[in-house]
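Below: one structure, written as C-alpha cells.
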Ligand SMILES: Nc1nc2c(ncn2[C@@H]2O[C@H](COP(=O)(O)OP(=O)(O)OP(=O)(O)O)[C@@H](O)[C@H]2O)c(=O)[nH]1
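Residue numbers (the UniProt record's numbering): 1 to 320.
As C-alpha cells, this is what we get:
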C-alpha cells in the first residue's frame, strides 16, 4: 500500500515538475463558473496567484465578466461532450503579448468537464510577421509613388485608370498638363529649385482636386489627372482653374519668385460597355493620346492655356 502511494507521489511530482518547467502557460478553469482550478508556474509568475480567482479576473486586464472572446462554447458540443482542440492566436490584454492557445475540454479529477489551455508566447513571430506586412506595404507604396512629388507614378496612375475605365456608362475626363519652358527654370535657378517647383505644382494641383480625382506625375514635368464622373465642360473649367492657380501662386523660395505656367490638354468620354481589360486599356490609351494631342496644341498655340480634344478635332478639320 505504502509502495503504491510512493509511486503515486513520485508520478504526481514528476507531472508537477514537468508542468512547472514548461515555457508555456497551462491553466484549467471550470467551464461554467470560470473558477481557476490550476495554473502552472509560468502562469503564476506572469499573472499571479490563482486562488479564489476566475480566469478572466486573473488572466486579462480590467475584466469583470467573462471575456467576449472566450472560447468555452467551442469546446463542448450540443450534447455537452468535449469537441476537438481549438487552436487560436490571441494578444493577451494583461501583458500585450501574443499567444498561440490550444484549448480543450477535459474530464477533471472530480468528473466534471473543465477547460484546459496551453498557450505559448509567439510575440517574436508576430512582430516579424507585422514587420514583413509593413515592409511589403511600404515597398508597394514606393513602387507606386513618384519619389519627388509623392504623387502616383506613371505605372500606378495607368493601373488605377484601368479599373476606372471599366465602369461602363460613367463619364470620365482626363487632363494632361506639362509645365511650360521648364528647361529655362532649371537653367536659370538650378535643378534643385526646379525640383522644388515640381513639388509646388503638385501641391497646388492636389489642393484643388477632390478625393476621388487621381493625380499622377507621368514623367519629367508632365502630369495627368483622371476625373471619374466629370463631364467635358466641367473638366475644362477645372483645368482653367488650375492654370490660373499656377499663375497666381508662384513658388517663393530663398527670396526669389519662380513663376511656372503650364499647357493643358483635355479629353473626355462616356465609358461604353467594356468586355475585357484589353478594351479598357485601348480606351485609356485613346483618352491619353487625345489629351496629349490637345496639350501639344496648347503648346503650339503659345502655351499657358487649355485645349480640349474637341478643339483639336475642330482644329484638325480646319486644317484639312
Ligand atoms: N528639376 C527637374 N527637372 C526635370 C525633371 N524631369 C525633367 N526635368 C527637366 O524638364 C525639362 C523639360 O524640357 P523640355 O522637354 O525641353 O520642355 P520645356 O523646357 O518644358 O518646354 P516646353 O515643354 O516646350 O514648354 C528638361 O530640362 C528636364 O531636365 C526633374 O525631376 N527635376
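Ideal Cβ placement from N, Cα and C applies to all residues, glycine included.
Quick one, are the C-beta atoms of residue 115 and residue 28 less than 8 Å apart?
Against a cut-off of 8 Å, the Cβ pair of residue 28 and residue 115 comes out as a contact.
Would DSSP call residue 173 helix, strand or coil?
DSSP, reduced to helix, strand and coil, places residue 173 within a strand of the structure shown.
Provide the residue span of the alpha helix (DSSP H) that contains residue 191, from first to last.
First-last of the alpha helix (DSSP H) with residue 191: 191–208.
Residue 262 beta carbon less than 8 Å from that of residue 180
Contact flag set, yes.
For residue 303, is the beta carbon positioned less than 7 Å from some heavy atom of ligand 1?
Result yes, Cβ under 7 Å from ligand 1.
Where does residue 254 land, buried or exposed, given buried means 16+ other C-beta within 10 angstroms?
With fewer than 16 Cβ atoms within 10 Å of its Cβ, residue 254 is classed as exposed.
Pull up the CB-CB distance for residue 173 and residue 266, whole angstroms please, since I reckon it's below 8 Å.
Indeed they touch by this definition, with Cβ atoms about 7 Å apart.
Any idea if residue 312 is buried or exposed, counting beta-carbon neighbours within 10 angstroms, 16 or more meaning buried?
In this prediction, residue 312 has a pLDDT of 33, which is less than 50 and means its spatial position is unreliable; what the coordinates show is noted afterwards. Residue 312 should be labelled buried.
Compare the C-alpha of residue 283 against each of 245, 163, 30, 185 and name the closest.
For the residues 245, 163, 30, 185, the minimum Cα distance to residue 283 belongs to 163.
Using the beta carbon as the reference atom, which residues fall closer than 7 Å to any heavy atom of ligand 1, ordered along the chain?
My final list is 148, 178, 179, 180, 181, 182, 183, 184, 186, 191, 194, 195, 198, 220, 221, 263, 299, 303.
Can you name, in chain order, every residue of its own chain whose Cβ lies under 7 Å from the Cβ of residue 206, other than the five neighbours on each side?
So the qualifying residues of the chain are 215.
Can you tell me the Cβ-Cβ gap for residue 34 and residue 66, rounded? I've got them flagged as a contact below 8 Å.
Residue 66 and residue 34 do touch by the CB rule: their CB atoms are close to 6 Å apart, below 8 Å.
Checking the sheet assignment: what are the DSSP bridge partners for residue 114?
Per DSSP, the beta-bridge partners of residue 114 are 30, 106.
Select from 144, 228, 183, 97 the residue whose C-alpha is nearest the C-alpha of residue 259.
Closest in alpha carbon position to residue 259, among 144, 228, 183, 97, is 183.
Any contact of the segment 120–132 with the segment 97–107, i.e. 3+ C-beta pairs under 8 Å?
Yes: the two stretches touch, three or more of their Cβ pairs being nearer than 8 Å.
For residue 219, is the classification buried or exposed, using 16 other Cβ atoms within 10 angstroms of its Cβ as the cut-off for buried?
Exposed: under 16 other Cβ atoms inside 10 Å.
Compute the beta-carbon to beta-carbon distance between residue 58 and residue 48, rounded to the nearest angstrom, for a pair I have assumed lies under 8 Å.
Confirmed, Cβ separation roughly 6 Å.
Evaluate the contact criterion for the segment 151–165 versus the segment 240–255: three or more CB pairs, one atom per stretch, below 8 Å.
No: fewer than three Cβ pairs fall under 8 Å.
May I ask which residues mark the beginning and end of the beta strand (DSSP E) holding residue 244?
No beta strand (DSSP E) holds residue 244; the alpha helix (DSSP H) holding it covers 232–248.
Could you pull out every residue in the same chain whose Cβ sits closer than 7 Å to the Cβ of residue 240, ignoring the five residues on either side in sequence?
Same-chain partners within the cutoff: 306.
Where does residue 152 fall in DSSP's three states?
The three-state reading of DSSP puts residue 152 in strand, counting E and B together.
Suppose you measure from the CA of residue 178 to the CA of residue 295; what does that come to, to the nearest Å?
If you take the alpha carbons of residue 178 and residue 295, they lie about 8 Å apart.
Please report how far the alpha carbon of residue 297 lies from the alpha carbon of residue 141, in whole angstroms.
As the crow flies, the alpha-carbon of residue 297 is around 34 Å from that of residue 141.
What does a CB cutoff of less than 6 Å around residue 318 pick up in its chain, not counting 5 residues either side in sequence?
Note that residue 318 scores a pLDDT of 37, beneath 50, so its modelled location is shaky and nothing firm can be said.
In angstroms with no decimal places, state the Cα-to-Cα distance between residue 352 and residue 133.
Lying before the first or after the last residue shown, residue 352 is absent from the chain, which here runs from 1 to 320.
Whose C-alpha, out of 104, 62, 89, is nearest the C-alpha of residue 75?
Minimum Cα distance to residue 75 is reached at 104.
Chain B within 8 Å of residue 184, Cβ atoms only
Of the protein chains in this structure there is only one, and it is not chain B.
Nearest to residue 280 by CA position, among 30, 166, 72, is which residue?
Answer by Cα proximity: 166.
Rounded straight-line distance, which links the Cα of residue 85 to that of residue 51:
Cα to Cα, residue 51 sits roughly 26 Å from residue 85.
Out of 145, 146, 87, 126, point me to the one whose CA is closest to residue 117's CA.
Comparing Cα-Cα distances from residue 117 to each of 145, 146, 87, 126, the minimum goes to 87.
Is the separation between the beta-carbon of residue 268 and that of residue 232 shorter than 8 Å?
In this structure, residue 268 places its C-beta atom within 8 Å of the C-beta atom of residue 232.
For the segment 262–311, which segments carrying the beta strand (DSSP E) assignment without a break, of at least 3 residues, lie completely within its bounds, in sequence order?
Counting only unbroken stretches of 3 or more residues, the beta strand (DSSP E) elements lying wholly within the segment 262–311 are 262–270, 306–308, in sequence order.
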